[in-house]
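Here the protein sequences line up with chains A and B, keeping their order.
Numbering of the first sequence is given in the working numbering, commencing with residue 1 and proceeding in unit increments.
Numbering of the second sequence is given in the working numbering, commencing with residue 710 and proceeding in unit increments.
Using N, Cα and C, we set each Cβ at its ideal position, and we do this for glycine too.
Only a predicted model underlies this, so the values are computations on that prediction, with no experimental measurement involved.
Structure first, then comments.
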Amino acid sequence: MVDRDAVTRVLFEQFSPAAIGVFYAIAYAAIAAFGFGVYVQIRKYRRGAAAAIRGSLLARCGAMIGTLLSHRTVARRDRPAGEAHRLIFYGFVLLFLGTSTITLDYDIAGPLLGRHFWHGDFYLWFSLVLDIAGVFLSGGLLYMMYRRGWLKPPKLDYARPDRRPGDPDYDRSGYRREDWAFLWTLLLIAFTGYVLEAARLVWLAARPDVWDYRWWSPVGAVLAEALRAAGLTAAAAGTMRLGLWWFHGLLALLFIALIPFGKVKHIFTAAGSLLLRDPQAAQRLPVVPPSQERAGVQYITDLNWKQLLNLDACTKCGRCHEACPARAVGAPLSPRDVILSLREFANRTLESRTLPAAAELDVHGKSPGQVSMETLWACRTCMACVEVCPVAIEHLPLIVQMRRKLVEDGTMEPQLQKTLQAIHKSGNSFGESKRKRPAWTKAVPFPIKDARKESVEVLWFVGDYASFDPRNQKVTQTFAALLQQAGVDFGILYDSESNAGNDVRRVGEEGLYEMLATANIKSLSGASFKSIVTTDPHSYNTIRNEYPDFGGTYAIEHYTTLVLRLLQERRLTPKRKLGLRVTFHDPCHLGRFNKGYDAPRDILRLLGCELVEMGRCRANSFCCGAGGGRIWMPDPVGADRPAHNRMREAAAISGLQVYVVSCPKDLTMFEDALKATGNEGRFVVKELIELIADALRAEEPAVSAVVAA
Amino acid sequence: MKLLVAVKQVAALDEDFAIRADGRDVEPDFLVRDLNEWDEYSLEEAMRIKEAAASPVEVLVVCVGPQDADEALRKCLAKGADRALRVWDEALAGSDPIAIARVLAAVARKEAPELFFAGVQSSDHAFAATGVATAGLLRWPHAAVVAALNYTPGAKTAVVRRELEGGALHEMQIECPAVLTIQLGINAPRYASLRSIKQAAAKPIEVLGLGELGLAPSQVGEAGSAARVRRMYIPDRGRAQMLKGSLEEQAARLAQIIKDAAGSAR
Numbered sequence: 001m002v003d004r005d006a007v008t009r010v011l012f013e014q015f016s017p018a019a020i021g022v023f024y025a026i027a028y029a030a031i032a033a034f035g036f037g038v039y040v041q042i043r044k045y046r047r048g049a050a051a052a053i054r055g056s057l058l059a060r061c062g063a064m065i066g067t068l069l070s071h072r073t074v075a076r077r078d079r080p081a082g083e084a085h086r087l088i089f090y091g092f093v094l095l096f097l098g099t100s101t102i103t104l105d106y107d108i109a110g111p112l113l114g115r116h117f118w119h120g121d122f123y124l125w126f127s128l129v130l131d132i133a134g135v136f137l138s139g140g141l142l143y144m145m146y147r148r149g150w151l152k153p154p155k156l157d158y159a160r161p162d163r164r165p166g167d168p169d170y171d172r173s174g175y176r177r178e179d180w181a182f183l184w185t186l187l188l189i190a191f192t193g194y195v196l197e198a199a200r201l202v203w204l205a206a207r208p209d210v211w212d213y214r215w216w217s218p219v220g221a222v223l224a225e226a227l228r229a230a231g232l233t234a235a236a237a238g239t240m241r242l243g244l245w246w247f248h249g250l251l252a253l254l255f256i257a258l259i260p261f262g263k264v265k266h267i268f269t270a271a272g273s274l275l276l277r278d279p280q281a282a283q284r285l286p287v288v289p290p291s292q293e294r295a296g297v298q299y300i301t302d303l304n305w306k307q308l309l310n311l312d313a314c315t316k317c318g319r320c321h322e323a324c325p326a327r328a329v330g331a332p333l334s335p336r337d338v339i340l341s342l343r344e345f346a347n348r349t350l351e352s353r354t355l356p357a358a359a360e361l362d363v364h365g366k367s368p369g370q371v372s373m374e375t376l377w378a379c380r381t382c383m384a385c386v387e388v389c390p391v392a393i394e395h396l397p398l399i400v401q402m403r404r405k406l407v408e409d410g411t412m413e414p415q416l417q418k419t420l421q422a423i424h425k426s427g428n429s430f431g432e433s434k435r436k437r438p439a440w441t442k443a444v445p446f447p448i449k450d451a452r453k454e455s456v457e458v459l460w461f462v463g464d465y466a467s468f469d470p471r472n473q474k475v476t477q478t479f480a481a482l483l484q485q486a487g488v489d490f491g492i493l494y495d496s497e498s499n500a501g502n503d504v505r506r507v508g509e510e511g512l513y514e515m516l517a518t519a520n521i522k523s524l525s526g527a528s529f530k531s532i533v534t535t536d537p538h539s540y541n542t543i544r545n546e547y548p549d550f551g552g553t554y555a556i557e558h559y560t561t562l563v564l565r566l567l568q569e570r571r572l573t574p575k576r577k578l579g580l581r582v583t584f585h586d587p588c589h590l591g592r593f594n595k596g597y598d599a600p601r602d603i604l605r606l607l608g609c610e611l612v613e614m615g616r617c618r619a620n621s622f623c624c625g626a627g628g629g630r631i632w633m634p635d636p637v638g639a640d641r642p643a644h645n646r647m648r649e650a651a652a653i654s655g656l657q658v659y660v661v662s663c664p665k666d667l668t669m670f671e672d673a674l675k676a677t678g679n680e681g682r683f684v685v686k687e688l689i690e691l692i693a694d695a696l697r698a699e700e701p702a703v704s705a706v707v708a709a
Numbered sequence: 710m711k712l713l714v715a716v717k718q719v720a721a722l723d724e725d726f727a728i729r730a731d732g733r734d735v736e737p738d739f740l741v742r743d744l745n746e747w748d749e750y751s752l753e754e755a756m757r758i759k760e761a762a763a764s765p766v767e768v769l770v771v772c773v774g775p776q777d778a779d780e781a782l783r784k785c786l787a788k789g790a791d792r793a794l795r796v797w798d799e800a801l802a803g804s805d806p807i808a809i810a811r812v813l814a815a816v817a818r819k820e821a822p823e824l825f826f827a828g829v830q831s832s833d834h835a836f837a838a839t840g841v842a843t844a845g846l847l848r849w850p851h852a853a854v855v856a857a858l859n860y861t862p863g864a865k866t867a868v869v870r871r872e873l874e875g876g877a878l879h880e881m882q883i884e885c886p887a888v889l890t891i892q893l894g895i896n897a898p899r900y901a902s903l904r905s906i907k908q909a910a911a912k913p914i915e916v917l918g919l920g921e922l923g924l925a926p927s928q929v930g931e932a933g934s935a936a937r938v939r940r941m942y943i944p945d946r947g948r949a950q951m952l953k954g955s956l957e958e959q960a961a962r963l964a965q966i967i968k969d970a971a972g973s974a975r
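The structure is reproduced here in structure tokens:
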């Protein structure tokens, strides 16, 4: 009878002391290579600028561990890849812990403390768990190979929209080779591990303390039975085991040595990136301290160390590439390629022993690794990339910081330049006189309080588009009537309101933004009110999330939550059910930026509308293309536009009557897109405010007449 | 090596405006001021020469105007001009373009630039005379309405292309020093960011009076001008009219107007 407690695994049996010496030498060399690689990476990050990390370390740690263990972000919008990665992750972690356990027992606890624990029941359960972990790992890897080799999802095509075939950094076949090498290496390590296990079982089949317990390593045991059935002798198995032992061991050590030098480093960098995640990265852009001479990012060393780490966290999964509205319409921008370009640039310049001269560190331009201004100006700052990134890369602040440099140089579209000058001169993007801002109130049949002169409960921050755009003025007047009808005590700032600055900031004109924010905070501090409401999600975002950095902290809500409350409290009572088949477009700044997904949908339900969701909704909503100042820049003639792309998506809903928006810019963009895509007459674009007003009226509104056709 | 860019702080009318009590100008409260659009292009042209030059080039911007014209100069400094100079004396009020040119010529003699840039015209008064008059007073060659410029700092000549009527271009070689009046569209002027404008606020603006330029008050202002403004006024409304009433009434009225017009043309 074998003493169960003595059961363990042979390690260096058959090995000469010299062979063991050689093995240890190679192992230490591998660890040294790993250590050197880590040093080079840390030196690279330390060459970046200082980073301000917000939030408590404990909370960020908890969030990171939660994300890693749940694999929530990896499984989003690509469930099979997420599950496969989960198998690889858990398989790899268990196998790594297993190998570490052996080292702990054999190299540390044994020689130093004279204690061994890797035997008996512990060893048996260890064998079983690791065998299963190997199945997880191999299964995940095989699916990933199937995905890359056969499924070939378009997001894994590394061809760049901002380069042409033949450009030195267009092809990126190096990345593809690395992907495959990574998969094959891991798979080979797992596979040789199993065969090695089987060979050991066959070789030691005569020993009951090995053979009788073989089913604790089920995969190895099945293979061993097969090898024996195929006629493998114990002696031959011994030789085979020795060869495989070296092959498996050296491959594993090679893998460890190479971790810091390639794709594998995402094991650490992705975790680090998640640890440093700023949940408000896109909503609240970084302020420029008064002492800072240059506002924007010009050199790779202007990126802070967290941003440099972000670059290394990218695994080229393509989720941002797929979500980007600019990329979807063929603009020369893919968030993935911005990150990869900068990463290649950082690796080329910051991994060298001495820092190259400043001229070689400029990240702006068209050379490999540089980012062109066409790419930077193509961004709509819609946050789709930041929102979907499984490893918390914050593309958007980086793009805006690079734009700040372009603004400082004065290089931008002439039309954008004119708009910024108009905003500077008159406080609005329409270039209208300041005095005309409250002109829309003239058509409202009751006086609207001047919040500068009398105290109000609710201060309504109207915003540029709602104030000046003729189509939106009608919505603005309707909203005023709604507030009046509900008995809300409200007022506006009249001509003391300026453009809120959200989009000015996202253009990268930080100085003008500071001016606007300061002016508005001054106006707001002169008024007496309890809370702010706005119909403009852009104003909502910057007042809510960015004004606090400039000394203005306010309770602010988008009109959808206020109106929902008024409906629920029956201060507004619909006279009839609208009975319309509608779809709802989540504005970027209300939805993704501020998680205001539910209020507009609840309102639509209360109005008796049948809501049919588009495929891309809520967090995955598709930008209208107007954000980030793009509304002030002409789109290339003849090219597809995000709003058109979106209209085609909506048009695919059968029997759609109303495309509902809740953002002034959306109304402008989508009414144009409706005509441009030939959908006029099939359905209409309406502000949610207009539907609410329709439901409050007893008679049939005009909309059903239009849509009936 | 020096390039001189003459700039003007122009006035634009706000939504509503009123004529001044003396009937010769607009009430200043209703004016929105900015750097003359043509001058954005001439400054940009000078900046491009400076930035492409192998040896140091100084870009000097000059403005004739009261203190509030500093804003225009600050914008130029924000865009990268090296020095800003403003000439003012109460006696300058009411100067015609020739009197202004007299001042600019005096500055040019003092500073001795290789090229003197001006806009083709100013967007408010549109005389299109100041630059050319300056050349006349300096007895320098000039090229007006320049749409392209090729000049290497230190070269004795510059090659310019001028816009002629009907889309034709006039390419000419001109000896330096010369006066060039620059047309819109010659380049894409850079944007002056708010931060750079703020930083430019710390830079000095040199202010000169008439005496420092060797000019007498009698040579400028209304005394030194051959032309003076008699009155500024809003002309009586033209024949445009707004049709009122129902759609049918409007259509009938429109048809009547067309019939009347066609009748008189026949």
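Neighbour-count burial assignment, residue i, 16 or more Cβ in a 10 Å radius
i: C785 (chain B); result: buried
i: I891 (chain B); result: buried
i: E957 (chain B); result: exposed
i: M941 (chain B); result: exposed
i: L963 (chain B); result: exposed
Neighbour list for residue i in chain B, Cβ cutoff strictly below 8 angstroms
i: T668 (chain A); result: Within chain B, no residue comes near T668 (chain A); the closest Cβ sits about 23 angstroms away, beyond 8 angstroms.
i: V297 (chain A); result: Near V297 (chain A) there are no residues of chain B at all, since even the closest Cβ is about 14 angstroms away, more than 8 angstroms.
Beta-carbon neighbours of residue i, restricted to chain B and to distances below 7 angstroms
i: H71 (chain A); result: None at all; the shortest Cβ gap to chain B is about 43 angstroms.
Chain A residues whose Cβ lies nearer than 8 angstroms to that of residue i
i: A901 (chain B); result: G410
Same chain, Cβ closer than 6 angstroms to residue i, neighbours up to 5 away in sequence not counted
i: A331 (chain A); result: A378
i: H879 (chain B); result: R871 and L873
i: R975 (chain B); result: Unreliable placement is indicated for R975 (chain B), whose pLDDT of 49 sits below 50; no coordinate value is reported for it.
i: A971 (chain B); result: none
Neighbourhood of residue i by C-beta distance below 7 angstroms, restricted to the same chain and skipping five residues each side
i: H395 (chain A); result: C320, P335, V338, I339, C385 and V386
i: L674 (chain A); result: M647, E680 and V685
i: V706 (chain A); result: Residue confidence for V706 (chain A) is low, a pLDDT of 45 falling below 50, so the modelled location carries little weight and cannot support an answer.
Residue closest to residue i, alpha-carbon to alpha-carbon, out of the options
i: S70 (chain A); options: A:L244, A:L137, A:A59 and A:H85; result: A:H85
i: L713 (chain B); options: B:L903, B:L922, B:N896 and B:P822; result: B:P822
i: I809 (chain B); options: B:M881, B:R783 and B:F836; result: B:F836
i: E291 (chain A); options: B:A936, B:A971 and B:R904; result: Looking at the sequence itself, residue 291 (chain A) is Ser, so the reference to Glu does not match. Ranking the options by Cα distance to S291 (chain A), first place goes to B:R904.
i: A897 (chain B); options: A:K453, A:P414, A:T561 and A:L578; result: A:P414
i: D5 (chain A); options: A:L112, A:V74, A:I31 and A:G120; result: A:G120
i: F825 (chain B); options: B:E754, B:F739 and B:A720; result: B:E754
i: A221 (chain A); options: A:K575, A:Y194, A:R616 and A:D167; result: A:Y194
i: A721 (chain B); options: A:S433, A:G629 and A:L151; result: A:S433
i: A555 (chain A); options: A:N541, A:L564 and A:L285; result: A:N541
Proximal residues of chain B, C-beta to C-beta of residue i below 9 angstroms
i: E509 (chain A); result: Y900, S902, L903 and R904
i: H424 (chain A); result: L903 and I906
Same chain, Cβ closer than 8 angstroms to residue i, five either side skipped, listed in chain order
i: I20 (chain A); result: F12
i: F255 (chain A); result: T185, L186, I189 and V264
Listed by chain order, chain A residues near residue i by CB distance under 9 angstroms
i: K788 (chain B); result: G410
Checklist entry - Got a sec: which bits of the region 737 to 765 of chain B sit with their beta carbon under 8 angstroms from any beta carbon on chain A, in order along the chain? => result V741 and D743
Checklist entry - When you check each C-beta in the region 712 to 729 of chain B against every C-beta of chain A, which residues fall closer than 7 angstroms? => result D723 and E724
Checklist entry - What residues from the region 938 to 960 of chain B come within 9 angstroms of chain A, judged by C-beta to C-beta, listed N to C? => result none
Checklist entry - In the region 427 to 444 of chain A, which residues sit with their C-beta less than 7 angstroms from some C-beta in chain B, listed in chain order? => result S433, R435 and K436
Checklist entry - Using a beta-carbon distance cut-off of less than 7 angstroms, what residues from the region 904 to 924 of chain B approach chain A? => result R904, S905 and K907
Next on the checklist: At a CB distance below 8 angstroms, what residues from the region 514 to 541 of chain A approach chain B? Give them in sequence order.
Outcome noted: E514 and M515
Item to check | Near-chain A residues of the region 815 to 849 of chain B - C-beta to any C-beta below 8 angstroms | outcome: none
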